[in-house]
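Position 87 of the sequence shown, counting from 1, maps to 287 under the numbering used here, and the rest follow consecutively. Yeah, the Cβ is synthetic: ideal placement off N, Cα and C, and Gly gets one too. All values reported here derive from a predicted model rather than from experimental measurement.
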Amino acid sequence: MSILDKLKSVFVVSEPETGGQTASGDVSAPKEQTKTGEPTEVTSAPITVSGQSAEKFLEILAQVLEKNNQEGFDYLEYKKAVSSVAKLQAMDEATQYKTAYAAAQSMNVQPAFLIESAKKYLSVLAIEEKQFMQSAQQFLQNQVSSKENERVQLTQSIQQKENQIQQLLAEKAKAEQRVKVLQSELETAKQKVEVNKANFAASYQTFVEQIRTDIQKMELHLK
């Protein structure tokens, strides 16, 4: 077991597995109900998260504590001693702390020093927490900014396409109306042509019959 693994084991108590499943946190957020093909506006809502210790963060924090470990026997060494005593002998908590402190006394370490060094480690962890939260917030802001810009662009694109659809529908309706007008005009033109053809044929027949009649009469009377 490495130093970091030993350090983590001092602070983390292993829990029995439940059915082989582990959870990284319970995140509850409102569900969206959307209709297919219809854009929906995403609204921000509070997210409730129930966190638990995660291996990667335990590793990071253990490294931070080890990196800031003070010279000599301080809180970290005392905490390791308490953990070792607890594993070796079955005793109550008070006895564990007192037994581990016996080793500290041999090095002239006083309770006030152990408590003070522990508070220093709390300060170190607080700085790490602040830096992590700042990084997380910055990451979130970058993500929000990027996705918000994309959402706005897509919303605008959808609106433009909707406008184009409405324009195309209007043009389609206008074209359909024009087709009806042209169809009516075409029928009228066909009818007019047929009437003129019939009238011409009748007029033609009138002339032809008259001339033929005159021919017959001339042949009869002009001998």
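Proximity of residue i and residue j at Cβ, strictly below 8 Å
i	j	result
E328	L261	yes
F273	M307	yes
Y278	A294	no
V285	Q296	yes
Secondary structure of residue i, DSSP reduced to three states
i	result
V192	Here the chain has residues from 201 to 423 only, and residue 192 is not among them.
V249	strand
Q270	coil
A254	coil
A262	helix
A229	Note that A229 has pLDDT 48, beneath the 50 cutoff, so the model's placement of it is unreliable and the number below is only indicative. A229: coil per DSSP, three-state reduction.
Range of the contiguous alpha helix (DSSP H) that encloses residue i
i	result
S346	311–421
A302	293–305
Residue nearest to residue i in terms of C-alpha spacing, selected from the options
i	options	result
K280	L258, A303, E259	A303
L258	Q364, A336, Q305, S209	S209
K320	N396, V379, E350, V264	V264
The ligand COA heavy atom lying under 7 Å from the CB of residue i
i	result
N342	With respect to small molecules bound, the structure shown includes none, and the ligand COA cannot be examined in it.
So does the stretch 265–273 actually touch the stretch 320–337, counting three or more Cβ pairs closer than 8 Å?
Touching, per the Cβ criterion.
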